[in-house]
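Residue numbers (this note's numbering), protein chains in the order written: chain D, 879 to 1208; chain S, 879 to 1208.
A virtual CB, placed ideally from N, CA and C, is assigned to each residue, including glycine.
Let me begin by presenting the structure, written as structure tokens, before commenting on it.
There are 2 protein chains.
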Amino acid sequence: MPTIKDIAELANVSPATVSRVLNNSGYVSSAARKRVIEAIEKTNYVPSEHAKSLRTKKTQVIGVVMPRLSTETSSRVVHGIDKVLSAKGYQILLATSDLSPEKEIDQLRLLQSKQVEGIIFLATNVSENLQKELSELETPLVALGQDLPGVSTVLYDDYHAACDVVDWFLAKGHTKIGFIGVSAHDEAVGRKRRNGYQAQMNEAALPVEKSWMQEASFDIESGYEATRRMFKESTTTPTAIFAVTDRLAVGAMEYIKQAGMSIPEDVALAGIGASEIGKYVTPPLATVDYANEEAGMKATNLLLDHISNGDNSHKKFVMPYGLLARDSLG
Amino acid sequence: MPTIKDIAELANVSPATVSRVLNNSGYVSSAARKRVIEAIEKTNYVPSEHAKSLRTKKTQVIGVVMPRLSTETSSRVVHGIDKVLSAKGYQILLATSDLSPEKEIDQLRLLQSKQVEGIIFLATNVSENLQKELSELETPLVALGQDLPGVSTVLYDDYHAACDVVDWFLAKGHTKIGFIGVSAHDEAVGRKRRNGYQAQMNEAALPVEKSWMQEASFDIESGYEATRRMFKESTTTPTAIFAVTDRLAVGAMEYIKQAGMSIPEDVALAGIGASEIGKYVTPPLATVDYANEEAGMKATNLLLDHISNGDNSHKKFVMPYGLLARDSLG
DNA sequence: CTGTTAGCGCGTTCAT
DNA sequence: ATGAACGCGCTAACAG
């Protein structure tokens, strides 16, 4: 690996001059510039970003920490992030947390040590430890999807989205509405969506059998199982089911079909997420479009503002969502 | 941001001693170690990886270049990569190429300048320029999915997989088999899968109407359009269609259903990729499981070997694939 | 227009 | 067991 010094010698100039042509800074005679460029091409020289960063304190790298990258939601968000970042010459340093709270903190530290200029953080919890870590973090950070106090956040409107889904069913005259949720450790997906469901059922003065509320994890299979339990345990069975994610809803759909019932005649169904899969199942799944890509872009722009303006205010931004009423609704 | 010097002063020792406790190297009295650790915790000190890398030439970062990250295939591969990398303390620096050949080369250079210790490269073409760039690259690299000469590669068995898909149809007695492919610029997906199709049709001495072979891009909509064209342009219509990706096949499925035909009675269907969506459409889509995650892991392990052993041999590894015969086959 | 000097934060001899 | 000095590769003053 040649260094700036090597090519300086080759071109018969000082390292400073090489640096000047590299960064288009200051004056340099066209003769010298030419020799430098030739030397660079001949040696296949690539400047060391580390040395550069050490001096300039700039890395052109943004850290992204997320639970897992094999989900459609994650991909969309990262795609949105990448879209605005790559346009500005930034790169993404990826860090996955595997749904582990400790790993989230570890990754935050690691990214900081790599001197990333900013962090976009898709958290899955809002624990004390995490908040403490966040408050001590020097690197600009914006959280996406979870409402972490003390930092800028881009949020989905989980509560109202859930309310609207329930309203869909209510408008169709359903009174027995089941719910498939996830752990309340996940503030956004687990708690807020459940709150929306319960609030809406309450307001409509509709009783909810305990068995109508099932907890699942995040995969299709788990949605299937939750639905099976729901039908097995309930004395009167629901005529509609709200699953907090599309994958869960698809699992529910599988069970319902397999049990010989039809959708939406016997059971109506809706999810959240606008995953592609929901569009092509039969019947198409009613769902809520969270605009993940836009959320990623929004978060990135917010972060970039913080970085360039040194703007330390904590902004909260709630993404608008779109209702996709489809045949599974009835 | 505190530096090693700051905490050295705070602990009343020299920077060298701090470095020693940081890296568990050499002797350091437990008294000194204790003071150092306290200073670190008090100041929230995080060592600069840049300065460290500058000295040690190690970055613990692997670059990953891929066309786009919003596809299921990409996510699976990256997940596989991340799985083995994170276990060894490496991180991923992401670089997307947007299907642009020039951008692929740019990204390669950029990663090199960031001193990544190795690169995993999901190319979409095998152009001269690219091969030249690759031959000049100092950083260890393994390509995944495309057969680039002169570098280690992990490949899918596109040709034989395509043959097997056609065989499925042949075994069911189909003689009029349509094909939906993509641009031949993509050596693996575009050319090899097409070759497999043609070879198998040839061997079975089956004629192929020109209109039976359609070219699409990579999205569902495009599969829909290709199918529409196929049925519109052909004098005798196919009774089976092989789409080179599952998404294309799902698009085909949409068209066929919408045109009032049924699957597999009127038209049988198969794709490649084992995407989740194929499992839940009606009827379930027959497809080929490429084990993307395992491929990512394999490529990463290969790369890690190269890095640690300085092993510069060029290995080729062909991933085994699995046939998922499902109802769309008939 | 160009070279010299200094120092970014760290790990590493070499003394002590 | 510990510190002083040096250098990794680069950019930013400051001279000239």
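Practice problem: Quick one: residues in its chain with C-beta nearer than 7 Å to the C-beta of V994/S, no 5 flanking neighbours on either side, listed in chain order? | Solution: T937, V939, I940, G941, L971 and T1017
Quiz prompt | Reduced DSSP secondary structure (H/G/I, E/B, other) of D1167/D | solution = strand
Quiz item: Based on the DSSP secondary-structure assignment, which residues constitute the bridge partners of V899/D?
Solution: BP columns for V899/D are empty, so no partner.
Exercise. Return the residue from the list G958/D, S948/D and R954/D that minimises the CA-CA distance to G958/S.
Key: S948/D
Exercise. Tell whether a beta-carbon distance below 7 Å holds between P893/S and T921/S.
Key: no
Exercise. Whole angstroms is fine: what's the gap from I882/S's alpha carbon to S991/D's?
Key: 13 Å
Self-check item: For V1086/D, the three-state DSSP class (helix, strand or coil)
Solution: coil
Practice problem: Have a look at V1020/D, S1005/D, A1082/D and Y1075/D and flag the residue whose alpha-carbon is nearest the alpha-carbon of D1189/D. | Solution: V1020/D
Practice problem: State yes or no: is the beta carbon of H928/S nearer than 7 Å to at least one beta carbon in chain D? | Solution: yes
Quiz item: For M1139/D, does the count of other Cβ atoms within 10 angstroms reach 16, so buried, or fall short, so exposed?
Solution: exposed
Quiz item: Is it right to say A1137/D is buried, meaning 16 or more other beta carbons lie within 10 angstroms of its own, or is it exposed?
Solution: exposed
Quiz item: When DSSP builds the beta bridges, which residues end up paired with I940/S?
Solution: I970/S and G996/S
Exercise. Determine the direct distance from the alpha carbon of L1000/D to that of A929/D, and round the result to whole angstroms.
Key: 31 Å
Quiz item: Three or more C-beta pairs closer than 8 Å, one from the region 1001-1010 of chain S and one from the region 1045-1060 of chain S: is that the case here?
Solution: no
Practice problem: Closer than 8 Å, Cβ to Cβ, to anything on chain D: give me those residues from the region 982-995 of chain S, in chain order. | Solution: R987, L988, Q990, S991, K992 and Q993
Quiz item: Taking the alpha-carbon positions, what's the L1026/S to K1193/S distance?
Solution: 11 Å
Quiz item: Around the Cβ of P945/D, are there at least 16 other Cβ atoms within 10 angstroms (buried) or fewer (exposed)?
Solution: buried
Exercise. With DSSP collapsed to three states, give me the class of Q1009/D.
Key: helix
Quiz item: Of the residues S953/S, R954/S and N901/S, which one's Cα is nearest the Cα of T934/S?
Solution: N901/S
Quiz item: Mind pulling the chain S residues with CB within less than 8 Å of T974/D?
Solution: D960 and S964
Quiz item: Counting Cβ pairs closer than 8 Å, one from the region 1166-1181 of chain D and one from the region 958-969 of chain D, do we hit at least three?
Solution: yes
Quiz item: Measuring CA to CA, which of V943/S, Y1102/S and L1182/S is closest to V956/S?
Solution: V943/S
Quiz item: Under 7 Å between the Cβ atoms of L1202/D and T1165/D?
Solution: yes
Practice problem: Answer yes if the region 1057-1067 of chain D comes into contact with the region 1090-1106 of chain D, meaning at least three C-beta pairs across the two stretches below 8 Å, and no otherwise. | Solution: yes
Quiz prompt | Neighbour flag for E1282/S against chain D, beta carbons, 7 Å | solution = No answer is possible for residue 1282/S: the residues shown for chain S start at 879 and end at 1208.
Practice problem: Tell me, please, whether the CB atom of E919/D is closer than 7 Å to any CB atom in chain S? | Solution: no
Quiz item: Are the beta-carbon atoms belonging to F1120/S and A1146/S less than 7 Å from one another?
Solution: no
Quiz item: Expressed to the nearest angstrom, what Euclidean distance is found between the alpha-carbon atoms of T1114/S and L1207/D?
Solution: 39 Å
Quiz prompt | Cutoff 6 Å; reference A1118/S; Cβ partners in own chain excluding five residues on either side | solution = F1047, H1052, I1055 and A1146
Exercise. Inspect the beta-carbon positions of E1065/S and Q1024/S and report whether they are closer than 7 Å.
Key: yes
Quiz item: With distances taken between CB atoms, is the gap from T1160/D to Y1133/D smaller than 7 Å?
Solution: no
Quiz item: Relative to the C-alpha of Y1168/S, which residue among D1035/S, R911/S and H1184/S is closest?
Solution: D1035/S
Quiz item: If you drop the 5 nearest sequence neighbours on each side, which residues of the same chain put their C-beta closer than 6 Å to that of V1196/S?
Solution: L1033 and D1035
Quiz prompt | Neighbourhood of V899/D by C-beta, 6 Å cutoff - its chain only, sequence neighbours within 5 removed | solution = V906, R911 and V914
Quiz prompt | Cβ of Y1158/D within 7 Å of any chain S Cβ | solution = yes
Quiz item: Between the C-alpha atoms of P979/D and L1022/D, what's the straight-line distance to the nearest angstrom?
Solution: 16 Å
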